[in-house]
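Those letters in the sequence shown? Residues 1 to 1148, per the UniProt record's numbering, in order.
Don't be surprised by glycine CBs; every beta carbon is placed ideally from N, CA and C.
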Amino acid sequence: MSATTRNVSTSSNTADFSTVHASAGSGKTFHLVSHIVRLLIQGASPASILAITFTRKAAAEMQQRLLERIYELATCTKTELNHTLSEQLGLTASPAHRENAQCLYENLLHSSQTVRTTTFHAFCQDLLRRFPMEANLPPGFELVERTGYLIDDAWNSLTNKLTRSDNQNTSETIKKHMEVLLHKFGTDRTKTILNKFIGARSEWWALIDTQDDVHDFNLDRYLANLAQQLGTTAETSAESLILEYFSDKTCQQQLVNFLELLHKHPIKSNLECATSIEQALAMPDDNSSALKKLDSLWSAFFTSTENKPRSRKPNKTMITKMGEQGCDQFIEIHHAQCERLIELQQALHAIETLTITRAWIGAGQAYIDEYQQIKRFHRYLDFSDLEWQCYCLLNSSDHADWVQYKLDQRVEHLLIDEFQDTNPTQWQLVLPLLSEIAASEQERFRSVLLVGDAKQSIYRFRRAEPKLFSTASNWLETNLNAKKHFLNQSYRSSPAIIDFVNRFFDNNPDFELPDFQIHQTHKTKLAGSVTVLPIITPLETEPQPISATELRNPLHTPRANSLTFHYYEAQEIARTINKLIDDKTIIGSAEQSKYLRHTDIIILLRNRTHAIDYERALREAHIPYLGTERGTLLESLEIKDMVNLLQWLITPFDNHALAGVLRSPLFSARNEDLYPLAGQAHWFEYITEHLEEYTPEHPMHRAVKLLTRWIQLTDTLPVHDLLDRIYSEANVLARYTANYPEHLQARAQSNLTKFIELALENDSGRYPSLTRFLAWLKLLKQQDKEAPDQAANDAEQNRVRILTIHESKGLEAPVIFLVDSTTTKKNTGGESVFIDWPSEAKHPQSIFLSPSTQYPAPFCQQAIEQQQVKDRQEDINLLYVAVTRAKQFLYISGNKKPDGWFKLICDRFEIILDEHQQATVIEHHEGNSTTPATLNKTKTESMNIDVRLQQPVKFEIPFVEISPSRLETKDTKTEFYPKNSMTSNSTQAEAIQRGNMIHDMLFNLSIFPQLSINEYVKNNQLELPDNGVEENWLQAQQTISHFPEYFSEDRYQHAYGEVPIYYKQDNRLIHGIIDRLVVTDTDAIIIDYKTHAFDSDENQIQNQLTMLADQYRSQLILYQQGVKSLYPKLNTRALIIFTSVPTSLEIS
C-alpha cells in the first residue's frame, strides 16, 4: 500500500470527524469524493450528505467526479472492486459493501434526492428560501450578482437627499459627516472610502450585533472605546494639542536656544530654518493659527520632500562657529524636537483617525441604508445579504434553535472544501451546524470533513481569513475528537518541481510557509525542470522614449507604442516558447507521452497591469494565445452588432445603428451598397421605397424583409424570445462563423450565446422591455468591475493561456511561465480600512478608517504592521500557488532589477545576478518519456438529432399582448390625424417614427431632467434640424412641464419608466409595457403617452380625444388590474397624456 493510500485510508477509516490539510496537487477532490462514496456504501442517505465549496465550477466538478467514481464501481470486476474498497476507500470487501457499491450508481440515478454539492452562497440561498418568514425576508426574493449599478443608485439617492433643501428626512448629523469627508477627501475619494464601508458591511453588522438590539447600538460608546485605544479622547482637538506644545516652557527655551545657534552658523539652510522657527513663534496662540504654526516649525526640523528629520551632524565648521558645547547642544535640541514633533504628529493622527472614523461610520451607515432600501424595493439579496441573513437566522433570530434542529435532522454528513478561503461570517454560520452535530446522540452515524490548505490562502481581498482553518480544526479536535491528516504527495508534478518546492519553501530564513511539510510525488518517472531565465535589465536594453516632434496624422501613421522592460521580457519568453515547440518537446510519460502544444502552456501574471506587453510580444512571434481581457463582452464586435440591431428596432430613425447592422455579417452589405444612402434623412424608408431596385438575393432585400418582421415583433415578444427569433431567422451563429477567421469562430459563437443569456439575467427573466434591457447593458458597461466578460470557450483551441495567479487556482499545465517575478506589491497609500476580527471571536473587535501618514498613532501603527505581516504571508502563498501549477517544466523570469520573488529564488539557490547571466536550470529530472507514435488529433463526431426535437413547441395557454402605448403603430385610425395625413405609407412611417422618438425623449427626460437637446442628439447619433427632432423635443419638454405632479420628484414617492407588467388572468397571460408608473402615498398612477396630431378646431380635438381614449379603455383597465396586485393598499388610477395638446384624460 502506498503512502498516499495509507493516508486516505487512515483519515477515512479511523475517524468520522477529521480535517485534511491537502497540499497542491495532492488529490483533495479525489479524497472528498472518496469520502462521499464511502458514506454511501456504508448506508448514508444521499440527501443527508452536504458538500460545500466556493465556486459553481468546483461544485459541478465534484458532482461529475462522484458519478464517474460510482460508475466505475458498477462496471469493474470483482478483483478491482475488492481493491478499490480496501485500498482507496478503507472499507472491508464484505459482501454487503460489494453489493452496495455495485448498486450505488443505479440507486443514485433513480433517487429523487441526490448528494448536494453546492457553494456557500447557494447553501445560504436554499436555507433562506426554506425559512423566509423566520428570516424576515420576502419569500420571492431574487439573488443579484452584479451590484455596481445598485450601489451607484444608492450613492445618487443619498447625495440627492443631502443636497435637497426641502428634504426634512435627512439628519443634520449625516450632512455634517458627509461635509467632514468631502472636506478631507473630495467627492471621488469620499465615494471610494464609503464604497469600502459598503464592502465591509458584513463585519459592521457583526460588530453592532453585539448589542441586544441592533438599533440600540451606541456609536458614541464605540467611538469612546476606539479613542481610548488610540490614546486620545473625543473632546481633544488638534489645535489644543499644538498650542499646548508651543506653550511648554521647556520647548520654548529649546527653540530660542536653537535659534541663537542657527544664527551663529549663518549658512543658507540654517537661516531658512531660523526664519521658519521665528515665524512659528511670532504667530498668535489661537486655534486659527495653530496648524500654520506647526507647519512652519515642522519645516525647520524635517525635510520637505521625504518628510524625514533633517540630517544634522557635527563638523569642523559647525564646531568653529558654535563652539564644541554649542554644537552638542544644537544636535541634542534637534533630536529632542524631532522626537517631540513626531509624538505630536502621532497624537494628531489619532485625533484625525477618530474624527474621520466617526464621519465614515455615520455617513457609511446612511449609505448602507439607502443601498438596502433599494434592494428591498426590488426584493433583491446580494451575496453579503445571503451570508448575513443566514448568520442571523442560525445565531440570533427567535427561530434559531428551531432552524438548527431542522437542519440537524436533514444534514448528517458535512463536507467543506477549500476551507482556507472562508470568511468570518461563513465560519459563524457553519459553527451552529457543527455544534448541533457535537450535541447529537453518539449512536447516530455522523461525519464532518474539512479540507483546506493554509499555504494556498490567496483571497484576503474577498474577506478570506486563513487562520479560520486552524481555528476550525482545533474546534473539531476539542469538541468532536477529530483528527488532523496531511496530504503531501503530489499526483500532479514531476520530481523536479517537487524538489524545487521543498528546497525553496522548507526552512527558508526569509519567510515561513504555514503547515509546510516535505512534499513527495507520485509521478516519480515524469521528466521536468525548473529554469530561471536571465533578467531583462537596463544594461541590456533600455526602452526608448517616444519622440514627439510633430503631431501624428492618425489616418496615415499608426500610434507609436513605447517599449517597456515587460515587453522585452515577453520577447524572451516568446523565443523560449517557440524553441520548445520547434524542438518537439515531449510531455507526459510512457504511453501517455505526446509532443508539446501551445495549449499545454500557461503564462502566469501577478496582475493584469502589463498583460498588454506580453500579448503584444506573443502576437509578433506568431504565437496563438488566450488573453486576460475582462469585462469586454459588450466591446466585442459581434455583440456591438447585436446592440446596434436592438437599438435600431426601438429607434428606426437611427441611421448610424442601421449602418452597423447592414455592414455586419447579419446582412454583409458592401460599402458600395451604402453609398446611395448618404445624405438621406431616413435610410430604412429610402431602402423600402427603392426595394424593387434590388434583386431577391441582394443583402438589402434580405435586410428589409427581416428587419420589417423584427420591428413588428419588438413590442410583442420579450427580449430573450426576440433574440431567439433573430438568431433563428437570420442564422446568426452560422453567418458569424462563416465571416470570422478560424481562430475567432468559437469565441464569437460563445459570445453570441452568452449575450442571449444576458436577456434572461436582466430582471430575473421577467420580460424586460427592449428599452430597459439596453439601458441595463449601458449600466453594466459603465461598471468596470462588473461588466460581463467574454464567454469562456470550451472548444479545443491550441493557444497559450495568459492568466493571473488567482485565476489559475485549481488549474495545471505541463509548462508554466511565472513572469514579472521581480515586481513587488506596492503600498498604494491613501486611507486604510482596518478590521480586527480574531478567528476565535464571534464578533469583530474594531473597525476604523485611518488616513495615510508617515507618522501614524501607535495603535494605527500596530494595525498597519499586522496588515503588512498578512500581506507578506499572502504574497508567499501566491508564489506557492503559482509554482505548484506546473506539472513538468517551470520557467521563472523578471525584468528591470532583481527584486521580489525573483531575488528570493536567486538568493536561495545562490544564482549570481550580473550582466552575463544566462538561463539557469536549478532542478532537472530526466524521466522516461518516449517519442509519441502519433500526434494527438481532435476527433469530431457527428450527431444525429431526432427530427421530432426540431418541431416548435405548442403552448395551449393563449398569450394576450396588451400594449396600448404601442398600438398606434399598428392600428392607428386615420381620422385621428389631420386630413390627408395618412394618405401614404411614407407619412404613416413618419408618424410612427415621431411617436417612438417622443416616447424615448420622455423616458430620458424623466430620468435626466437636465438633459439638453444637443446631448440627446449626440447620444442617439441624430442630426439637427432633420427628423423633426427640435419640434419633438419641445413637445416632450412641454408635456413634462405641464404635468409636474407626474414628473417632479418632490410630488411623489417613486416613478418608473417603461415598466413591464406580466400576470395571469382567467387562464390568459397578460403582458404589456406601461409608459410611466407614478406611486404616491395614496395612489398608483398608470400613465400612457399618445403622440397623435390633431386638427386645429378645439371642438374636433375634444371629440377625437374622447374617441381615442375609448379605444384604449379596455387595455388600460387590464393594466390597472395588474398594478393593483402590486399595490393592493393603494388606489389605482389610469390616465392618457396627449403630448401634442397637451392634456390628459383619466380612464375610470
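Taken atom to atom, the span from the alpha-carbon of threonine 192 to that of glutamate 465 is near 23 Å. Between phenylalanine 1008 and threonine 357, the C-beta gap is not smaller than 8 Å, which leaves the two residues out of contact.
Closest in alpha carbon position to asparagine 507, among Ile518, Leu480 and Ile497, is Ile518. The secondary-structure analysis by DSSP pairs asparagine 1131 across a beta bridge with Asp1083.
Under the three-state reduction of DSSP output, aspartate 673 falls in the helix class.
Membership of aspartate 836 in any alpha helix (DSSP H) is not indicated; the residue belongs instead to the beta strand (DSSP E) covering 832-836. Bridge partners of tyrosine 1056 according to DSSP: Leu1077.
Glycine 528 places its beta carbon 8 Å or farther from that of glycine 27. Per the DSSP secondary-structure output, arginine 597 pairs with nothing in a beta bridge. Here serine 1144 carries a strand assignment [DSSP, helix/strand/coil]. A residue is called buried when at least 16 other Cβ atoms come within 10 angstroms of its Cβ; asparagine 1032 meets this threshold and is buried.
When DSSP states are grouped into helix, strand and coil, isoleucine 623 belongs to the coil group.
With a beta-carbon spacing of about 15 Å, histidine 925 and alanine 590 fall beyond the 8 Å limit used to define contacts. Leaving aside the five residues that flank serine 299 on each side, the residues in its chain whose CB is nearer than 6 Å to its CB run, in chain order, Ser276. Contact annotation: proline 652 and phenylalanine 684 have beta-carbon atoms nearer than 8 Å.
Distance from the Cα of leucine 713 is smallest, within the candidate group Gln125, Arg725, Pro309 and Val704, for Arg725.
Contact fails between the segment 474-485 and the segment 894-909, because fewer than three Cβ pairs, one in each stretch, are under 8 Å apart. The C-beta distance from glutamine 420 to phenylalanine 469 rounds to 5 Å, short enough to meet the 8 Å contact threshold.
For a cut-off of 8 Å, the C-beta gap from isoleucine 577 to valine 883 is around 18 Å, too long to register as a contact. As DSSP reads the structure, proline 309 sits in a beta bridge with Phe302. About 6 Å separates the beta carbon of asparagine 751 from that of isoleucine 639, a gap short enough to meet the 8 Å contact definition. When secondary structure is reduced to three states using DSSP, aspartate 1050 falls in the helix class. For phenylalanine 889, the enclosing beta strand (DSSP E) stretches over residues 886-892. The residue from Ser1140, Ile1085, Glu142 and Leu73 with its alpha-carbon nearest to that of proline 1128 is Ile1085. Threonine 353 sits in a helix when the DSSP states are folded into three classes.
Contact annotation: the segment 422-436 touches the segment 394-412, with at least three C-beta pairs closer than 8 Å.
Ranked by Cα distance from alanine 621, the options Ala574, Gly326 and Ile835 are led by Ala574. Between cysteine 124 and cysteine 390, the CB-CB gap stays under 8 Å. From the listed residues Pro314, Phe1094 and Leu354, the smallest Cα separation to alanine 234 is found for Leu354. Here the alpha carbon of leucine 1069 sits roughly 7 Å from the alpha carbon of tyrosine 1062.
Where glutamate 697 is concerned, there is no enclosing alpha helix (DSSP H), because DSSP gives it neither an H nor an E.
Note: glutamate 638 is not bridge-paired with any residue in the DSSP secondary-structure output. Within the DSSP bridge table, the entry for tyrosine 1089 names Ile1137 as partners.
DSSP links leucine 777 through a beta bridge to no other residue. Residue nearest to tyrosine 1089 within the set Arg994, Leu1022, Tyr595 and His335 is Arg994 (criterion: CA-CA distance). The C-beta separation of histidine 35 from leucine 415 comes to about 7 Å, placing the pair in contact by the 8 Å criterion.
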